[in-house]
Amino acid sequence: MNAQKSAEKKALITGITGQDGSYLAELLLEKGYEVHGIVRRSSTFNTERIDQIYMDPHEEDAKLFLHYGDLTDGQSLTNLVLDVAPDEIYNLGAQSHVRVSFDAPVYTVQATGVGALNVLEAARQLNKQKPVRVYQASSSEMFGDVLETPQSEKTPFQPQSPYACAKVYAYHQTVNYRHAYDLFASNGILFNHESPRRGETFVTRKITRAATRIKLGLQEKLYLGNLDAKRDWGYAKDYVVGMWMILQHHEPDDFVLATGETYTIRQFLDYTFGYLDLDWNNYVEIDPRYFRPTEVDLLLGDCSKAKQKLGWEATTTCKELAELMVDHDLALARQEALAQSQA
Ligand code: NDP
Ligand code: GDR
168 MNAQKSAEKK ALITGITGQD GSYLAELLLE KGYEVHGIVR RSSTFNTERI DQIYMDPHEE
228 DAKLFLHYGD LTDGQSLTNL VLDVAPDEIY NLGAQSHVRV SFDAPVYTVQ ATGVGALNVL
288 EAARQLNKQK PVRVYQASSS EMFGDVLETP QSEKTPFQPQ SPYACAKVYA YHQTVNYRHA
348 YDLFASNGIL FNHESPRRGE TFVTRKITRA ATRIKLGLQE KLYLGNLDAK RDWGYAKDYV
408 VGMWMILQHH EPDDFVLATG ETYTIRQFLD YTFGYLDLDW NNYVEIDPRY FRPTEVDLLL
468 GDCSKAKQKL GWEATTTCKE LAELMVDHDL ALARQEALAQ SQA
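Numbers in the working numbering are just positions in the sequence shown, counted from 1, shifted up by 167.
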C-alpha cells in the first residue's frame with residue numbers, strides 16, 4: 168500500500184467524527200492533504216475521535232479544518248463544497264446503525280440516502296469549475312437477503328432494512344451521476360470493518376467493551392440479539408486505505424472491500440472472551456429487543472476486483488482484530504476500575 172505524499176491536495180470528509188472518518192483524516196494528513204471535515208452541531212462534544220489531530224485553524228501550518236453542516240441541508244453543503252473546492256470528497260456521513268434505521272426510517276433515508284444525493288449535487292456544481300472526485304460509502308448491507316455467496320460487484324442487491332434501502336439509493340445515484348454528468352464518482356462497497364474506535368452499540372465493540380469490563384468485575388452480564396448471523400469483519404484502518412485507493416484509480420468504478428472470511432457472532436465471542444480466559448456462555452444472555460424485523464444472515468465478500476485493479480487487500484484477521492480491540496478496551500476498563508477505587 169502506497170504511503171507516498173500527495174502534496175497540495177484538498178479533501179472534504181463528511182462523517183469525519185465517525186470511526187472511518189477519523190482514520191481517513193489521519194491517513195490523508197499523513198499524505199500531505201489539506202483536510203476539511205463536516206461536523207454536526209451537538210450539545211456535547213462529538214469530536215473525541217479526532218481530538219488527537221485537531222489543529223488550531225489560526226496556526227499557519229494548520230491542515231485540518233472543521234465546518235458545521237448536515238447532510239440533510241443541501242444548500243449549505245453546496246455552499247461549503249464551492250467554498251472549499253476540494254479535489255476529493257469522501258461521503259462517509261450517515262445514520263449508520265441498521266437496527267436504529269427500523270426505529271427512525273425516514274430520518275435514515277434523509278441522511279443516508281438523500282444526504283448522498285446532496286453531496287453529488289454539490290460536487291456536480293463544483294465539477295463545472297474544477298475536477299472533483301467523489302467517494303460514496305456503500306455497504307455490504309445492500310446485498311441483504313443474499314442471492315449469491317460470496318458477494319461481488321456483480322451480485323444483485325436485495326436490501327433488508329431502511330438503512331440498506333437508503334444505501335442502495337445512494338449507490339445508484341452515484342453511478343448515475345458518473346454516467347449522466349461525467350462526474351468522477353465511485354462506490355466502495357465495504358463489508359463490516361471494526362476497530363477500537365467502533366461505536367459501542369455495534370456488536371463487536373459491544374462485546375469487547377463488555378468482556379473487558381466483566382473481566383475486571385465492572386459488569387456481570389452482556390445482553391445480545393441474534394448470535395448466528397455471519398459477518399465478514401475487517402480492520403477499519405485497512406479499509407480507509409482502500410477508500411483512498413479507489414479515488415486514485417485512473418477511472419471511476421465500484422469496488423468491494425472485504426476479507427473473504429466470515430464468522431458468526433458466537434465465533435467473535437469465542438475470540439474475545441477466550442483471549443481473556445473467560446467462557447462467554449457464563450455471561451451472555453439473549454434479549455429479543457436486539458433482534459431485527461428482518462436480518463441479514465450471511466455476508467462474505469469477494470474483493471478480487473480491488474485486489475487486481477487497486478492492489479488492495481485486508482491485512483488483519485478477525486481473531487487479530489478481536490484481540491487488538493480487547494487490548495484497547497482492557498486499558499479503558501482498567502482506568503474505569505482505578506477511578507472507581509479512588510472515588
Ligand atoms: P459512524 O456511525 O461511526 O460515523 C458516522 C458519521 O456520520 C459520524 O461522523 C456522524 O456524526 C455523521 N453523521 C450522521 N448523520 C449525519 C448527518 N445528518 N449529517 C452529517 N453527518 C452525519 O460510521 P462508520 O465510520 O462506521 O462508517 C462510515 C460510513 O461507511 C457510513 O456511511 C456507513 O454507513 C458506511 N459503512 C460502514 C461500514 C462499517 O462496517 N463501519 C461498512 C460499510 C459502510 P456524529 O459523530 O455527529 O454522529
Ligand atoms: P451491521 O453491524 O448491522 O452488520 O452493520 P452490527 O454490529 O450492528 O450487527 C452485526 C450483527 O450482529 C447481530 N447482533 C447485534 N448487533 C448489535 N448492534 N447489537 C447486539 O446486541 C447484537 N446482537 C447480535 C446483528 O443482528 C447483526 O447480524 C454494520 C454498520 O456499520 C453498517 O453501517 C454497515 O453498512 C454494515 O456494518 C456493513
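From the three backbone atoms N, C-alpha and C, an ideal C-beta is built for every residue, glycine too.
In this text, all values refer to a predicted model and were calculated from it rather than measured experimentally.
Check the DSSP bridge columns for Ala-347 and list the partner residues they point to.
For Ala-347, which the question treats as bridged, DSSP gives no partner whatsoever.
By how many angstroms is the C-alpha of Gly-182 removed from the C-alpha of Asn-258?
Put simply, the backbone Cα of Asn-258 is about 7 Å away from that of Gly-182.
Length of the line joining the Cα atoms of Phe-232 and Asn-294
In a straight line, the C-alpha of Phe-232 is about 22 Å away from that of Asn-294.
Going along the chain, which residues of its own chain have a beta-carbon closer than 6 Å to the beta-carbon of Leu-389, five neighbours each way excluded?
Ala-377, Tyr-450 and Val-451
Using only the alpha-carbon positions, how far apart do Val-286 and Leu-238 sit?
8 Å
Could you give the distance in angstroms between the alpha-carbon of Tyr-430 and the alpha-carbon of Ala-252?
Their Cα atoms are separated by approximately 42 Å.
So, with DSSP's three-state summary, where would you put Arg-362?
The amino acid at residue 362 is misidentified as Arg; the sequence shows Ser. In the structure shown, Ser-362 sits in coil (DSSP, three-state: anything other than H, G, I, E or B).
Tell me the DSSP secondary structure of Ser-210 in three-state form.
coil
Going by DSSP, what residue range makes up the alpha helix (DSSP H) through Asn-246?
241-251
What I want to know is whether the C-beta of His-339 ends up closer than 8 Å to one or more non-hydrogen atoms of the ligand NDP.
No, the beta carbon of His-339 sits no closer than 8 Å to any heavy atom of the ligand NDP.
Comparing the CB of Gln-242 with every heavy atom of the ligand NDP, is any distance shorter than 8 Å?
no
Would the beta-carbon of Ala-331 fall within 9 Å of that of Val-265?
A contact, by the Cβ cut-off of 9 Å.
Taking the C-alpha atoms as reference points, what is the distance between Ala-485 and Gly-401?
Checking the sequence, you will find Cys at residue 485 rather than Ala. Taking the straight line from one Cα to the other gives about 6 Å.
So the beta strand (DSSP E) Ser-306 belongs to, where does it begin and stop?
300-306 is the extent of the beta strand (DSSP E) around Ser-306.
Output the distance between the C-alpha atoms of Leu-499 and Tyr-344, rounded to the nearest integer angstrom.
In this structure, the straight-line span from the alpha carbon of Leu-499 to that of Tyr-344 is close to 44 Å.
Could you have a look at Leu-505 and say whether DSSP puts it in helix, strand or coil?
helix
Buried/exposed call for Glu-361, threshold 16 Cβ in 10 Å:
buried
Would you check whether the ligand NDP has a heavy atom nearer than 8 Å to the C-beta of Ile-183?
Yes, since a heavy atom of the ligand NDP falls inside the 8 Å radius drawn around the Cβ of Ile-183.
Reduced DSSP category for Leu-466 - H, G, I as helix; E, B as strand; rest coil:
coil
Does the pairing of the region 324-340 with the region 422-437 give three or more beta-carbon distances under 8 Å?
no
Separation of Pro-224 from Leu-314, as counted between CA atoms
49 Å
Span of the alpha helix (DSSP H) holding Lys-404?
403-415
With a cut-off of 8 Å, do at least 3 Cβ pairs link the region 300-320 to the region 366-386?
no
With DSSP collapsed to three states, give me the class of Gly-355.
strand
Among Ser-189, Asp-399, Ala-333 and Lys-321, which has the Cα closest to the Cα of Leu-357?
Asp-399
Based on the DSSP secondary-structure assignment, which residues constitute the bridge partners of Gln-186?
BP columns for Gln-186 are empty, so no partner.
Spatially closest choice to Glu-215 from Gly-188, Lys-198 and Ala-229, by CA coordinates:
Gly-188
Roughly how many angstroms separate the alpha carbons of Val-463 and Asn-393, rounded to a whole number?
10 Å
Residues in the same chain with beta-carbon distance under 6 Å from Lys-176, minus the five sequence neighbours each way, listed in chain order, please.
Hits under 6 Å: Tyr-200 and Asp-254.
Suppose the cutoff is 7 Å on Cβ atoms and the five residues either side in sequence are ignored; what does the same chain contact list for Glu-193 look like?
Apart from sequence neighbours up to five positions away, the residues of its chain that approach Glu-193 with a beta-carbon distance below 7 Å are Ile-220, ordered along the chain.
Quick check: is any heavy atom of the ligand NDP less than 8 Å from the C-beta of Leu-238?
yes
Exposed or buried, which one is Leu-414 when buried takes at least 16 other CB atoms within 10 Å?
buried
Starting from Leu-499, follow its DSSP beta bridges and name the residues at the other end.
BP columns for Leu-499 are empty, so no partner.
Determine the extent of the beta strand (DSSP E) in which Ala-178 is found, giving its start and end residues.
It spans 177-181 - the beta strand (DSSP E) in which Ala-178 sits, taken as one unbroken run.
Here's the rule: buried if 16 or more other CB atoms are within 10 angstroms of the residue's CB, otherwise exposed. What is Met-492?
buried
Assign Gln-509 to buried or exposed, taking buried as 16 or more other Cβ atoms, counted over all protein chains shown, within 10 Å of its Cβ.
exposed
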